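Throughout the sequence shown, residue numbering follows this note's numbering, covering 1 to 464 in sequence.
What follows is one structure encoded as structure tokens, with my remarks underneath.
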Amino acid sequence: MSDSKASNAMWGGRFASGPAAVMEAINASIGFDRKLYAQDIRGSIAHSQMLAKTGIISAEDQERIAHGLNTILHEIESGAFAFSTALEDIHMNVEARLAELIGPAAGRLHTARSRNDQVAVDFRLWVKDEFFRVAEALKGLIRTLLARAEEHAATVMPGFTHLQSAQPVTFGHHCMAYVEMFARDLSRVRDAIARMDQSPLGAAALAGTSFPIDRHMTAKALGFREPTRNSLDSVSDRDFALEFLSIAAICATHLSRLAEEIVIWSTPQFGFVRLSDSFSTGSSIMPQKKNPDAAELVRAKTGRVNGHLIGLLTVMKGLPLTYSKDMQEDKEAVFDAAETLDLMIAAMTGMVGDMTIVEAAMKRAAGSGHSTATDLADWLVRTLDMPFREAHHVTGRAVALAEARGVDISRLSTADLQSVHPGITDDLVLSVQNSVKSRKSYGGTAPAEVRRQVKAWKKRIDKA
Ligand code: ARG
Numbered sequence: 001m002s003d004s005k006a007s008n009a010m011w012g013g014r015f016a017s018g019p020a021a022v023m024e025a026i027n028a029s030i031g032f033d034r035k036l037y038a039q040d041i042r043g044s045i046a047h048s049q050m051l052a053k054t055g056i057i058s059a060e061d062q063e064r065i066a067h068g069l070n071t072i073l074h075e076i077e078s079g080a081f082a083f084s085t086a087l088e089d090i091h092m093n094v095e096a097r098l099a100e101l102i103g104p105a106a107g108r109l110h111t112a113r114s115r116n117d118q119v120a121v122d123f124r125l126w127v128k129d130e131f132f133r134v135a136e137a138l139k140g141l142i143r144t145l146l147a148r149a150e151e152h153a154a155t156v157m158p159g160f161t162h163l164q165s166a167q168p169v170t171f172g173h174h175c176m177a178y179v180e181m182f183a184r185d186l187s188r189v190r191d192a193i194a195r196m197d198q199s200p201l202g203a204a205a206l207a208g209t210s211f212p213i214d215r216h217m218t219a220k221a222l223g224f225r226e227p228t229r230n231s232l233d234s235v236s237d238r239d240f241a242l243e244f245l246s247i248a249a250i251c252a253t254h255l256s257r258l259a260e261e262i263v264i265w266s267t268p269q270f271g272f273v274r275l276s277d278s279f280s281t282g283s284s285i286m287p288q289k290k291n292p293d294a295a296e297l298v299r300a301k302t303g304r305v306n307g308h309l310i311g312l313l314t315v316m317k318g319l320p321l322t323y324s325k326d327m328q329e330d331k332e333a334v335f336d337a338a339e340t341l342d343l344m345i346a347a348m349t350g351m352v353g354d355m356t357i358v359e360a361a362m363k364r365a366a367g368s369g370h371s372t373a374t375d376l377a378d379w380l381v382r383t384l385d386m387p388f389r390e391a392h393h394v395t396g397r398a399v400a401l402a403e404a405r406g407v408d409i410s411r412l413s414t415a416d417l418q419s420v421h422p423g424i425t426d427d428l429v430l431s432v433q434n435s436v437k438s439r440k441s442y443g444g445t446a447p448a449e450v451r452r453q454v455k456a457w458k459k460r461i462d463k464a
């Protein structure tokens, strides 16, 4: 594949002998940046068209270049292209092959361009495409959560703080909390696209160029809103990659929290959900086991994504302007984070979509742990005009009585409750259903409110 003896074709005039094998190994990026082949070819065709339009190269040469580049695209996609490590990266692999195919005209393609703006534009195009993929995947996940929320708008489950039963909520409401989280991730993706939607092509090595290029033309041809405004920044900025990684890390963190809940919910002790066979595995030794592997792996892969963010931040933190070879390390981090995130979202969408909700177990758990105690306190405030602090105290006595009797607070008789406070009447019915139904404040857990939010999101998500 590589020939370390030969002097490099691209700068052979200056270097008499080829690089040492270890130099080639540390220097080459073709092993991973070949992923950018389509963007590289697209960028080069746009660049050549601009060079012809501005009269920098001839129309005939441009045609030869474009034809050669399309041949290379076909060769790569059909697996016929021979990548060479000695040619270091995707840019030089493509250009060297172009020279083989079309001869001297190939040498004109790199006029008014450098690999520095070339890699910047290729990578931006790739990251932008990936942002759109993530946005679509997130929309799919959100729609799945909306469907589950609608189906379970009135399914009662315990709401937790400190992972201790706090107040009853509905499973639909819980799903909608994740809709909010993933919708924020989606809006972060949209914001980031708007910020990075600029073409660095034409910044050349770092200072711009003396050729009469048209950067607006290439920006438009490549689907960018506009060209970047500063040539130095254009070749040294990797904010778009850092933003991708930070959005990915936040999104992965959200996925991980839901994954952790699925792990907890699917234990025999909770039994709130049953995962389908497609998203769980058995144990080779314990026949009774059904493990939530997909959820555990979503939880675990968050570590990788977060690691890539810290990795690239660390690469970038001390770099003087403008380009340094350090920046070649940006790609593997982003490629791996992207592949990992795509897989995580897909696995989560699958799990959420086909897990079975065990309503009876959720309801049973929702009614334990004196979860309706706050409803008693609220009743005392509302009906007897008691200050909340006093009501809290009275309710505490009711909880103590229920504990002494070994029952849940909702099981105490009216007579028992009257022994705690004589003002209590049998108008008071403590139940998980009444509890959730009463919480109809904006954004609260009442089934009617959950349904209203689901409806609003179903409309909103099409435009998100
Ligand atoms: N493979 C390089 C990278 O990924 C391309 C840019 C090389 N530029 C340079 N001046 N050596 O960053």
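Glycine included, each C-beta is placed from N, C-alpha and C at the ideal position.
It should be emphasised that the depicted structure is a prediction, and the values quoted were computed from it without experimental measurement.
Could you check which residue in the options has the C-alpha nearest to that of residue i?
i	options	result
F272	T54, T155 and G396	T155
E226	D33, T218 and L232	T218
A46	E88, A112 and A82	A112
R215	A205, R229 and L206	R229
G103	E77, H91 and H67	H67
F224	S78, M196, S283 and E296	M196
H392	L297, T372 and A404	T372
L232	I72, E151, G350 and A204	A204
V352	I41, F240, E260 and R133	E260
G303	D378, S236, Q328 and S246	S246
P447	Q433, K459, R274 and W457	Q433
Q269	V358, R148, G318 and I41	V358
S276	L319, A300, M355 and T349	M355
S419	A137, K220 and A402	A402
L242	I262, L309, K289 and S234	L309
L430	S114, L321, S368 and A194	S368
M92	A361, D40, V235 and A194	D40
T425	T383, D191, L297 and V94	T383
In chain order, what residues of the same chain lie with their CB nearer than 7 Å to the CB of residue i, ignoring the 5 residues before and after it?
i	result
S2	Residue confidence is low: S2 scores 42 on pLDDT, short of 50, so the model does not pin down where it sits. No coordinate-derived value is stated.
G282	K289 and K290
F171	H152, T155, M157, I357 and M362
How about residue i: is its Cβ closer than 7 Å to a heavy atom in the ligand ARG?
i	result
Q39	no
H91	yes
V352	no
Y323	yes
Q288	no
K331	yes
Q164	no
V119	yes
M23	no
S29	yes
N116	yes
Q328	yes
D467	Residue 467 lies beyond the range of the chain shown here (1 to 464); nothing can be said about it.
Between the alpha carbons of residue i and residue j, how many angstroms are there, rounded?
i	j	result
I461	V189	14 Å
H370	V436	14 Å
L313	N27	21 Å
N116	C251	31 Å
V394	H421	7 Å
H162	T374	17 Å
Q62	F279	52 Å
V315	R238	10 Å
R108	V334	32 Å
W473	A346	The shown model of the chain, from 1 to 464, leaves out residue 473, and the question about it has no answer.
D326	K317	11 Å
S324	V169	54 Å
D293	V450	30 Å
S199	G350	37 Å
Q49	I76	22 Å
L101	V127	30 Å
N70	G43	12 Å
A96	D129	27 Å
Among the residues of its own chain, which have a CB less than 6 Å from the CB of residue i, if the five just before and after it don't count?
i	result
A248	V305, A337 and L341
A464	L186
F211	I56 and A112
R64	I102 and A105
F160	A166
So, at 8 Å on beta carbons, what are the nonlocal neighbours of residue i in its own chain, with the 5 sequence-adjacent residues on each side left out?
i	result
P387	V381
Under a CB-based cut-off of 8 Å, is residue i close to chain D?
i	result
S324	Of the chains in the structure shown, none is chain D; there is only one protein chain.
### Query
Is there contact between the stretch 31-50 and the stretch 121-128, where contact requires at least three CB pairs shorter than 8 Å?
yes
### Message
Pairs of beta-carbons, one from the stretch 135-145 and one from the stretch 410-418, closer than 8 Å: are there three or more?
### Response
no
### Query
Do three or more CB pairs link the stretch 73-80 to the stretch 254-261 at distances below 8 Å?
no
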